[in-house]
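Asks: First to last, the protein sequences are chains A and B.
So in the UniProt record's numbering, spot 433 of the first sequence is number 433, and the numbers just go up one at a time.
So in the UniProt record's numbering, spot 96 of the second sequence is number 96, and the numbers just go up one at a time.
There are 2 protein chains.
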Amino acid sequence: MNKASRIFCPALITPKNAVVKQTEQLSRSQKLLTELGLVKSGSNGTYQIMPMAQRSVDKCIDLVQSNMQQAGGQKITLPILTPTGLWKKTGRLDGDISEFYMVRDRSGKQFLMSPTHEEAVTAMLATTSPISYRQLPLRLFQIGPKFRDELKTRFGLMRAKEFLMKDMYSFDVSEETAMETYTLVNAAYDRLFKQLEVPFVKVNAATGIMGGSVSHEYHYVSPVGEDNLLQCSSCGFAGNSEVVKAPASCPSCNSSDLKEVRGVEVAHTFLLGDKYSKPLGATFLNTTGKPQSLVMGCYGIGITRVIAAALEVLSSDHELRWPKLLAPYDVCLIGPKQGSKEQPEAEVIENELLLNVGEICGHQELLHDDRKELTIGKRLLEAKRLGHPLTIVVGAKSARLDSPKLEVHTSKGETYELDFSETLKLVAEHSQHKKSLERGCFQSETEESKSRSVGHQL
Amino acid sequence: MNKASRIFCPALITPKNAVVKQTEQLSRSQKLLTELGLVKSGSNGTYQIMPMAQRSVDKCIDLVQSNMQQAGGQKITLPILTPTGLWKKTGRLDGDISEFYMVRDRSGKQFLMSPTHEEAVTAMLATTSPISYRQLPLRLFQIGPKFRDELKTRFGLMRAKEFLMKDMYSFDVSEETAMETYTLVNAAYDRLFKQLEVPFVKVNAATGIMGGSVSHEYHYVSPVGEDNLLQCSSCGFAGNSEVVKAPASCPSCNSSDLKEVRGVEVAHTFLLGDKYSKPLGATFLNTTGKPQSLVMGCYGIGITRVIAAALEVLSSDHELRWPKLLAPYDVCLIGPKQGSKEQPEAEVIENELLLNVGEICGHQELLHDDRKELTIGKRLLEAKRLGHPLTIVVGAKSARLDSPKLEVHTSKGETYELDFSETLKLVAEHSQHKKSLERGCFQSETEESKSRSVGHQL
């Protein structure tokens, strides 16, 4: 169990002698994350993840990893330092390189602080004994920091210079089987984004500097998005305006019911063909034993960006709201105020709840706000701003030992007055919902509300 | 369950036109890791972790993390990029800086690719509202890549330029409470190193460039170690020869029974005092509400180095041997050879084993060597080189349906001939032993052997 009194949540202050430079734009969720001490701005465009937000990051890593493994992905780690020589071979240092961090070692050899790893993973395959067609398809992924020296960092974690990515690379024998892999990984992405329960738009995208033939982007729709998307209300077709240049009617169904929305790109998939395998010489041995270029795909998910963008979409100006599977804690339990007349009786209920709720949702998922020197009101306000899915208040009414009542707040803004067993039932429903999401069983918001049948809403 | 036919283990090859430069020394375990395709050398001094070794890394991360949390540690992430300005303030750029990777962003601002994070974490605390004495002690840790441009990289993962570290930083109100924290974290380290079951030596160490007053190092004893340690056979005292300069008798008990051994430093703890908090202005508010310098400690564990050094100590020239809690898989199951006359009957046993063994040790802990086109001998040889704690061979004798016998090999070099239920019992014993280790219950090697009472050793 976690105690609020011990958790490090450093509030934002401005040092006395500091000259305040507003060097970056903050969106509403990023402002909340900073004010609440979940994320702290480091040097311009880098961020420090504080303990509560770290829990969310770790949950996101686990969720992404489990989906990648289900899609046949094998986890590896490639060094952050990639020799620039590899990037020269693929031509990716020919254009604008101002976004790259480059560093030389003591011998003068130059490295990139990798913004992505197509070259590194392809070179790795090129320098092992060629694998047989029988070992393909091969899907390798990693989860780690990436670097991009952005001209303009914005919206905190949403566009940072150092960020956490999951990157997967696939290797196939032919364009045809590579397309099968591409479809399969896209299905894993669809599943993941459904698990996160944030509405997403999947669009046909430009392949751009990455190269290749087919590409899709996953976007969260938000006014702070940096991409213009075109959505067809009739058939559901969606495209990045970069690709689908302002058509009068839908390129797919001809309907004129097109609307433009702003999107935050949270994931991207590419069918790469032999763009990297050919110049770097990564081959496999085909059925006749001859070496042949591997056909590749690559698939990115911005871990920190998914969290930041999901918060931006779900939160209000004053309260964070998390995807259920990414909330730092499932339940916050606010104990009675010190010195209040109900304290002794209320603490009996509090202790029983700590035990029982912890057993239902897992003790690690329960945050005990034990700062009893603070009023319940102050702690409840903070709990609401932090957006815990369920907050249980052990207040004055809980001290009626014959029929104690608890106030339960959900992150959707509902408030219930519940007895002990109804409270546990609500916690159990939340945990069950999380488990079905983890299994990939999706239930619509409406069905979920219908199925909630305990207590009465205040 | 994991199938050997699908796991990416790229064997080492030398490209046709490459000029072979032996740029680095490889120790025996590092040679095995490379030859078996568990680790691949990237650019000089950087390493690519392949899927099977990645499982070991992830297990080590989980184990270290759980011990740090038990010691009150809260997990965070600090950026890899640390502004050099912070290091100027603490004087750590005044000496030899040739080991640092430094990089400038597009605005010309200079950063270190952090080799450690004392400055960054202290500056983070200095720029939040001062915490109250009531919130202390505070212990923050992270697990991530570190960078050091070594003059000479050696022994693969054991001394690499980019490596994985756990670094914890503690903050206290006084030297006295800081010493309590120091003792507590050292106890967590002792526990961790006992869980790994590799003999370790804890020595009094020099504080060196890190500063501070008290320091201990944890070493694995190995001929490839880079430190000279002095050990007293009488009282157990141990010191790094840097600190304890060749005394005639033990500084602790006066015995003359001193021996010198070579050690690989796998962890290091420091009591830092205010060496960092003072120049960077990191304070807390004391009982009278006045700001006062935080008293710090720092505690590192080289994740990738622990794995590499443990393998070096435990392995032979031809076979890897892992700490039980870090083996990529608990059990390897080798299926019958394709086309052998026993294949149909043996596959009945094989399928039952897959189900039952997987249920006992966890399906993710079972590696199924399904490459039936290869002989059992060839696959067994590879399994032994990979050092799986238990390898079960479904060979000719397993096809006697009335009383099938299985050959079971342990990584200690024992071979048993067991029936079905005895095999499951051995797997269960292994899993139980792992669970007791995880709980921190330690049993000596001898007791463990005594408690093993199944079958007969071949």
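For each residue, glycine too, the CB sits at the ideal point set by N, CA and C.
Mapping DSSP to helix, strand and coil, what is G377/B?
Replies: helix
Asks: Looking at chain B, is there any beta carbon in it that lies within less than 8 Å of the beta carbon of G42/A?
Replies: yes
Asks: Is it buried or exposed, I97/A, if we count other Cβ atoms within 10 angstroms and call 16 or more buried?
Replies: exposed
Asks: Whose C-beta lies closer than 6 Å to the C-beta of A346/B among residues of the same chain, with five residues either side of it excluded?
Replies: P336, V394, S398, A399
Asks: Am I right that D369/A and L406/A are in contact with their C-beta atoms under 8 Å? What's the rounded C-beta distance?
Replies: About 14 Å; that fails the 8 Å criterion.
Asks: Taking only three categories from DSSP, how would you classify T34/A?
Replies: helix
Asks: Is I376/B near the ligand SAH, in the sense that its beta carbon is under 7 Å from a heavy atom of that ligand?
Replies: No copy of the ligand SAH occurs in the structure displayed, which carries no ligand at all.
Asks: Spatial neighbours of E365/B within its chain, please: CB distance less than 6 Å, with the 5 preceding and 5 following residues excluded, ordered by chain position.
Replies: Y329, D330
Asks: Along the region 99 to 133 of chain A, what residues have a CB closer than 9 Å to any CB found in chain B?
Replies: E99, Y101, M102, V103, R104, D105, R106, S107, K109, F111, M113, A120, V121, A123, M124, L125, A126, T127, T128, S129, P130, I131
Asks: Who are the neighbours of I7/A on chain B, taking C-beta pairs under 9 Å?
Replies: Correct list: Q74.
Asks: Between the alpha carbons of A71/A and K434/A, how many angstroms are there, rounded?
Replies: For A71/A and K434/A, the distance between alpha carbons rounds to 21 Å.
Asks: Please classify E350/A: is it buried, with 16 or more other beta-carbons within 10 angstroms of its beta-carbon, or exposed?
Replies: buried
Asks: Can you list, in chain order, the residues of the region 278 to 306 of chain A whose Cβ is nearer than 7 Å to any Cβ on chain B?
Replies: Listed in sequence order: no entries.
Asks: Give the C-beta separation of L325/A and L164/A to the nearest angstrom, bearing in mind that I take them to be a contact with Cβ-Cβ under 8 Å.
Replies: Actually they do not touch by this definition, with Cβ atoms about 17 Å apart.
Asks: Determine the extent of the alpha helix (DSSP H) in which K397/B is found, giving its start and end residues.
Replies: Neither: K397/B is in no alpha helix (DSSP H) and is coded neither H nor E.
Asks: If you draw a straight line from the alpha carbon of V357/B to that of F442/B, how long is it in whole angstroms?
Replies: Spanning the two alpha carbons is a distance of roughly 24 Å.
Asks: So E342/B is in the alpha helix (DSSP H); what residue range does that whole segment cover?
Replies: From DSSP, E342/B is part of no alpha helix (DSSP H); its letter is neither H nor E.
Asks: For residue 464/B, write down the residues that DSSP places opposite it in a beta bridge.
Replies: Shown here, chain B extends from 1 to 458; a query on residue 464/B therefore has no answer.
Asks: Give me the subset of the region 138 to 149 of chain A whose CB atoms are less than 8 Å from a CB atom of chain B, sorted by chain position.
Replies: L138, L140, G144, P145, F147, D149
Asks: Do the CB positions of T153/A and G297/A come within less than 8 Å of each other?
Replies: no
Asks: For K166/A, which option in D105/A, G108/A, S234/A, G73/A has the closest C-alpha, if you only look at C-alpha atoms?
Replies: G73/A
Asks: By a C-beta neighbour count over all protein chains shown, 10 Å radius and 16 as the cutoff for buried, is H216/B buried or exposed?
Replies: Around the beta carbon of H216/B, 16 or more other beta carbons lie within 10 angstroms, which makes this residue buried.
Asks: Which one or two residues does DSSP pair with C332/A in a beta bridge?
Replies: L367/A, T391/A
Asks: Under a CB-based cut-off of 8 Å, is V20/A close to chain B?
Replies: Annotation note: pLDDT 47 at V20/A (below 50); position unreliable, coordinate value reported separately. Not an interface residue.
Asks: DSSP on D149/A, reduced to helix/strand/coil?
Replies: coil
Asks: Quick one: what's got a C-beta closer than 6 Å to L374/B's C-beta in the same chain, skipping five residues either side?
Replies: none
Asks: Who are the Cβ neighbours of Q69/B in its own chain at under 8 Å, not counting the five residues just before and after it?
Replies: Excluding residues within five positions, the ones whose Cβ falls inside 8 Å are K75.
Asks: Find the residues of chain A that neighbour L78/B, judging by a C-beta separation of less than 7 Å, and give them in chain order.
Replies: For the C-beta of L78/B, the chain A residues within less than 7 Å are, from N- to C-terminus, Q48.
Asks: Rounded to whole angstroms, what is the Cα-Cα separation between G362/B and D190/B?
Replies: 28 Å
Asks: Going by DSSP, what residue range makes up the beta strand (DSSP E) through residue 468/B?
Replies: Outside the shown range of chain B, which is 1 to 458, sits residue 468/B, and nothing can be said about it.
Asks: Please identify, using Cβ separations under 9 Å, the residues of the region 369 to 394 of chain B that lie next to chain D, in order along the chain.
Replies: No chain D is present in this structure, whose protein chains are A and B.
Asks: Skipping 5 residues on each side, what residues in its chain have a beta carbon closer than 6 Å to that of L38/A?
Replies: M50, M52, A53
Asks: Looking at chain A, is there any beta carbon in it that lies within less than 8 Å of the beta carbon of Q195/B?
Replies: no
Asks: Could you tell me if A246/A is buried or exposed, where buried requires 16 or more neighbouring beta carbons within 10 angstroms of its beta carbon?
Replies: exposed
Asks: Hey, quick one: how far does the beta strand (DSSP E) through T82/A stretch, first residue to last?
Replies: 81 to 83
Asks: T283/B to Y220/A, Cα distance in whole Å?
Replies: Cα to Cα, the separation comes out at about 41 Å.
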